[in-house]
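Let me begin by presenting the structure, written as structure tokens, before commenting on it.
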Amino acid sequence: MPISRRSPFVRSGTGFALALPDGSSIRLPVRSYFNAGTIAAPVSATTINSGAGVIGVPAAMNLGVLRVGSLIEVRYAFRLVGVAATALFWDIRLGTANAVSDAVVGSTAGLTGWTNPGFFEINARIVIASTTRAQSTFSLTTPGGLGQGVPTEADISTQVSFSADNFLTNIYSGTPVAGTDVISILVQDVRCTP
Amino acid sequence: MNFRGPAPVSPDFQPLVFPPTLIRKALFGFPSDNWPRTTATPPAHVASIGSVTNFADRLMMWSNFHTATNTINWAVLDTYVANARAAGVTEGKYQVYGTPAFLASTGAGTLGPYGLLGECAYPGNGDASLAQTTYFCTQFAQRNISTWGRFFTLISAGNEMDWRQTTGPLVFWWGTRAQYVDFSWAVRAAFEAADPAMRIGSAGTFQLYATDNGLDQIMNQSGTVFPTKTGKDVFEIFCGHPYGAGPSPAQPNQSGDFLSNSSGGIREARAFLNLYGKTMQGYIADEWGVSNSNDVGTVLAQFLAQSATFRSNFIERMFMMAPMQGCQGIYPWFHSSSGAGSLSGNWVTDTTGVINGYIQASTNLVGKTAVSGGYFKDGRVSLTFSDGTSRTV
Chain S
1 MPISRRSPFV RSGTGFALAL PDGSSIRLPV RSYFNAGTIA APVSATTINS GAGVIGVPAA
61 MNLGVLRVGS LIEVRYAFRL VGVAATALFW DIRLGTANAV SDAVVGSTAG LTGWTNPGFF
121 EINARIVIAS TTRAQSTFSL TTPGGLGQGV PTEADISTQV SFSADNFLTN IYSGTPVAGT
181 DVISILVQDV RCTP
Chain U
195 MNFRGPAPVS PDFQPLVFPP TLIRKALFGF PSDNWPRTTA TPPAHVASIG SVTNFADRLM
255 MWSNFHTATN TINWAVLDTY VANARAAGVT EGKYQVYGTP AFLASTGAGT LGPYGLLGEC
315 AYPGNGDASL AQTTYFCTQF AQRNISTWGR FFTLISAGNE MDWRQTTGPL VFWWGTRAQY
375 VDFSWAVRAA FEAADPAMRI GSAGTFQLYA TDNGLDQIMN QSGTVFPTKT GKDVFEIFCG
435 HPYGAGPSPA QPNQSGDFLS NSSGGIREAR AFLNLYGKTM QGYIADEWGV SNSNDVGTVL
495 AQFLAQSATF RSNFIERMFM MAPMQGCQGI YPWFHSSSGA GSLSGNWVTD TTGVINGYIQ
555 ASTNLVGKTA VSGGYFKDGR VSLTFSDGTS RTV
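Here the protein sequences come in this chain order: S and U. Numbering-wise (the numbering used here), the first sequence opens with residue 1 and increments by one. Numbering-wise (the numbering used here), the second sequence opens with residue 195 and increments by one.
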């Protein structure tokens, strides 16, 4: 009997099905063993000192020149030490200026009642659908499952350039205490397929 | 002749005089959060909610939909209405708030309280006649009729107006008094032209008389775009934020009860409107909390430290008093997906407290016609219905 080169492990539903020679299969639970090793230091930590209630986290990534069809995949994890129970928002923004006026391509709803310090993870996929529109999926998770949401289509007509560099920017907005609140960027994984 | 009104039935009971009142499910308001924009994290008492307001959800605000001239994407609102209806919510209040940045006359690059650019600006940038405000409201009203089955029944323009003419995340209006009159009249005129049945509320008001935030600041103020209109003309329903109000005079809270609350209780609001020659057409508490945001550590903490039965009764009595006082909607502020941080209690974990009170009130009141009632000296509230039943809590 020829040896099948097809993997006997077939991803299926909640686990993995192991295909048997007689054509039947058994289901195996999913288990993964992963040694993360030593956890690296945060990518960056910033003490909020504007006190203006709005913070652009200094993690802007230069994506270079974009084109229609460009795909941007984003994963960020943050630790925020701030004033608990103060409403805050995370935005992912895209534009040429690394500024709060960049196009919003992903937004959370208002996050309240989070426990201090707060941990937040953002995942986003953004497709430049046309010269004026970006389509995105966006999610935010926290240990409390505080919020998710997004514009699925954003207007980029005045913010994104197709001949000059563009930046991906994070925005934290709330009512931070100047000189006290601290944002640490634990993970910054941005991939762009230009 | 006897001018004293009905005699009390006992020294401990104060009957109230009110016309027979059908209690609609819309009395039971609640702010949106992720739900109903998504089906994630609906409130525990979702089946008891009759009316939802968009205001707590920044992704439901005007600028999210109206992104360029004559360009509106209704997809998120379509889902919002569908999810709310599927959960049994009968109607909605929409707050026209969150000026699109491209229309912002000031602060187009400044984030507002909900982290939106130009959020609280006068929407007159490049649009002196407010044509785009009119466009959005007209399109909204038409879609409300054609697609949403008239889900939205109440509209208001702006929130907790601020007359200091400054921008930033702590200020809910960045324009002048006259600009607010123009903006809110444009909203009212557009909605009423497209849908005469739509009710128009005031901006959520937490101060009647105050230089910085009082509703008094615009009542006689004329518009510039609409010079024949004043602040008296821009609304018919009073939308108040009586933070700190307790259920009744027998159980007042931080700042009185729903009638006397100085932030805009029903009696105070009625007197205020009369002062300006205006008759109250309706009263909605489109935000309410046990305390205001400045006294969370004292007033709210005391409320949370009480027994669950106390909190349940407090909430249920509040809704029971509403039909006797002429209040047509109460929206506890707000959900908070994790439960903490809400000014009206914990709407996630307090299942035997505030959540139970809300559910009990909705279950026992909706669809009934209240014909008599009042409150006891010890804080209990009693209602008798047209079917002969009664409830005392």
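For each residue, glycine too, the CB sits at the ideal point set by N, CA and C. Remember, it's a predicted structure, so these values are computed and weren't measured experimentally.
Identify the continuous alpha helix (DSSP H) that holds S506/U and give its terminal residues.
Along the second sequence, read from residue 1 onward, the residue named residue 506/U stands at position 312. Element bounds for S506/U: A502 to Q519.
Using a threshold of 7 Å, state whether the C-beta atoms of S157/U and G458/U are closer than that.
Nothing can be reported for residue 157/U, as the shown portion of chain U is limited to 195 through 587.
Between the alpha carbons of S580/U and H435/U, how many angstroms are there, rounded?
Position 386 of the second sequence, counted from the first residue, corresponds to residue 580/U. Position 241 of the second sequence, counted from the first residue, corresponds to residue 435/U. Those two C-alpha atoms are separated by around 31 Å.
DSSP three-state call for A444/U: helix, strand or coil?
Position 250 of the second sequence holds residue 444/U. Coil at A444/U, not helix or strand.
According to DSSP, residues forming a beta bridge with Y569/U
Stepping through the second sequence from its first residue, residue 569/U is reached at position 375. Bridge partners of Y569/U: Q208/U and V575/U.
Selected residue, minimal CA-CA separation from D102/S, among W114/S, V160/S and T175/S
Position 102 of the first sequence, counting from 1, holds the residue named residue 102/S. Checking every option, the nearest Cα to that of D102/S belongs to V160/S.
Is the shortest distance between the beta-carbon of F167/S and the beta-carbons of chain U less than 7 Å?
Along the first sequence, read from residue 1 onward, the residue named residue 167/S stands at position 167. By the rule that beta-carbons nearer than 7 Å mark a contact, F167/S does not touch chain U.
What first and last residue would you give for the alpha helix (DSSP H) that runs through S340/U?
To locate residue 340/U, count along the second sequence from 1; it is residue 146. A325 to S340 is the extent of the alpha helix (DSSP H) around S340/U.
Since D155/S meets chain U, which of its residues come closer than 8 Å, beta carbon to beta carbon?
As a working note, residue 155/S is residue 155 in the first sequence. Under the 8 Å cutoff, chain U gives T261, A262 and T265.
Per DSSP, cross-strand counterpart(s) of Y288/U:
Walking along the second sequence from the start, residue 288/U turns up at place 94. Its beta-bridge partners are I349/U.
Interface residues of chain S around S530/U at Cβ under 8 Å?
Here residue 530/U refers to the residue found at position 336 when the second sequence is read from its first residue. Neighbours of S530/U on chain S, chain order: T112 and G113.
Short Cβ contact (7 Å threshold) for R67/S with T169/S:
Against the first sequence, residue 67/S aligns to sequence position 67. Against the first sequence, residue 169/S aligns to sequence position 169. Against a cut-off of 7 Å, the Cβ pair of T169/S and R67/S comes out as no contact.
Going by C-alpha to C-alpha distance, which of P213/U, P307/U and T284/U sits closest to N292/U?
The count along the second sequence starts at 1 and reaches residue 292/U at position 98. Residue identity differs from the one stated: residue 292/U is Gly in this sequence, not Asn. It is P307/U whose Cα lies nearest to the Cα of G292/U.
Can you give me, in chain order, the residues of the segment 235 to 254 of chain U that have a beta carbon less than 8 Å from any beta carbon in chain S?
Residues passing the 8 Å Cβ filter: T235, A250, D251, R252 and L253.
Same chain, Cβ closer than 6 Å to P294/U, five either side skipped, listed in chain order:
As a working mapping, residue 294/U is identified with position 100 in the second sequence. For P294/U, where only same-chain residues beyond five positions count, the Cβ hits under 6 Å are S257 and H260.
Taking the continuous alpha helix (DSSP H) assigned at Q496/U, which residues delimit it?
One-based indexing of the second sequence puts residue 496/U at position 302. Here the alpha helix (DSSP H) through Q496/U covers A495 to A499.
7 Å is my cut-off, CB to CB: does A173/S come that close to chain U?
The count along the first sequence starts at 1 and reaches residue 173/S at position 173. The question names Ala, yet the displayed sequence has Ser at residue 173/S. Answer yes: the Cβ-Cβ gap between S173/S and chain U drops below 7 Å somewhere.
At what residue ranges does the segment 117 to 176 of chain S contain a whole run of the alpha helix (DSSP H), taking only runs of 4 or more?
none
For a cutoff of 7 Å on Cβ pairs, would you count A534/U as touching chain S?
As a working mapping, residue 534/U is identified with position 340 in the second sequence. At least one chain S Cβ lies under 7 Å of A534/U.
Go ahead and label G23/S buried or exposed: buried means 16 or more other beta carbons lie within 10 angstroms of its beta carbon, across all protein chains shown.
Numbered from its first residue, the first sequence carries residue 23/S at position 23. Its Cβ having fewer than 16 others within 10 Å, G23/S is exposed.
Please go through the same chain and pick out, in chain order, the residues whose beta-carbon is closer than 6 Å to the beta-carbon of M573/U, but skip the five residues on each side of it.
Stepping through the second sequence from its first residue, residue 573/U is reached at position 379. According to the sequence provided, residue 573/U is Gly. The question's Met does not apply to it. Answer for G573/U: A444 and Q445, listed in chain order.
Along the chain, where does the alpha helix (DSSP H) that runs through Q411/U open and close?
For the purposes of this step, residue 411/U is identified with residue 217 of the second sequence, where counting begins at 1. Taken as a continuous stretch (DSSP letters only), the alpha helix (DSSP H) holding Q411/U covers D410 to M413.
Inter-residue CB distance, D480/U and T247/U (contact presumed, cutoff 8 Å):
Locating residue 480/U in the second sequence gives position 286, where the first residue counts as 1. Locating residue 247/U in the second sequence gives position 53, where the first residue counts as 1. About 6 Å separates the two Cβ atoms, so the contact holds.
One question on the structure: do L186/S and A77/S come within less than 7 Å of each other, judged by their Cβ atoms?
Residue mapping note: residue 186/S aligns to position 186 of the first sequence, counting from 1. Residue mapping note: residue 77/S aligns to position 77 of the first sequence, counting from 1. Taking 7 Å as the Cβ cut-off, L186/S and A77/S qualify as a contacting pair.
Using DSSP bridges, identify the partner residues of T47/S.
For this step, residue 47/S is matched to residue 47 along the first sequence. According to DSSP, which records beta bridges pairwise, T47/S is partnered with V182/S.
Extract the residue ranges of the beta strand (DSSP E) inside the segment 518 to 568 of chain U, only unbroken runs of 3 or more that lie entirely within it.
At a cut-off of 3 residues, the continuous stretches assigned as beta strand (DSSP E) that sit fully inside the segment 518 to 568 of chain U are 521 to 526.
Partner residues on chain S for L308/U, Cβ-Cβ distance less than 9 Å
What you label residue 308/U is simply residue 114 of the second sequence in a count that begins at 1. According to the sequence shown, residue 308/U is Tyr rather than Leu. Going along chain S in sequence order, the residues near Y308/U (Cβ under 9 Å) are A87, F89, G110 and S173.
For A134/S, which residues in the same chain have their Cβ closer than 6 Å to its Cβ, ignoring the five residues on either side in sequence?
As a first step, residue 134/S is located in the first sequence; it is residue number 134 there, counting from the start. For A134/S, where only same-chain residues beyond five positions count, the Cβ hits under 6 Å are V105, I126, I128, A154 and I156.
Please check if any C-beta of chain S sits within less than 7 Å of the C-beta of L271/U.
As a first step, residue 271/U is located in the second sequence; it is residue number 77 there, counting from the start. Judged by the 7 Å Cβ criterion, L271/U is not in contact with chain S.
Are the C-beta atoms of G282/U and some chain S residue less than 7 Å apart?
Mapped onto the second sequence, residue 282/U falls at position 88. It does not; no Cβ of chain S falls within 7 Å.
For T583/U, I'd like the list of residues in its chain whose CB is within less than 8 Å of its CB, leaving aside the five on either flank, ordered along the chain.
As a working note, residue 583/U is residue 389 in the second sequence. These residues qualify, in order along the chain: K562.
Given that G539/U touches chain S, what residues does it touch there, using C-beta distances under 9 Å?
Position 345 of the second sequence holds residue 539/U. Residues of chain S passing the Cβ test: none, with the nearest at roughly 12 Å.
What is the DSSP secondary structure of Q188/S, reduced to helix, strand or coil?
Residue numbering aside, residue 188/S sits at position 188 when the first sequence is read from its first letter. Q188/S: strand per DSSP, three-state reduction.
Same chain, Cβ closer than 7 Å to F34/S, neighbours up to 5 away in sequence not counted:
In the first sequence, residue 34/S corresponds to position 34, counting from 1. Reliability of the predicted coordinates at F34/S is poor, the pLDDT of 48 falling under 50, and the value obtained from them is presented with this limitation in mind. Contacts found: none.
Inter-residue spacing [alpha-carbon to alpha-carbon] between I431/U and S245/U:
In the second sequence, the residue the question calls residue 431/U occupies position 237. In the second sequence, the residue the question calls residue 245/U occupies position 51. Near 16 Å, if we compare the C-alpha coordinates of S245/U and I431/U.
Along the alpha helix (DSSP H) that carries T293/U, what are the first and last residues, could you check?
Here residue 293/U refers to the residue found at position 99 of the second sequence. Element bounds for T293/U: n/a, residue is neither H nor E.
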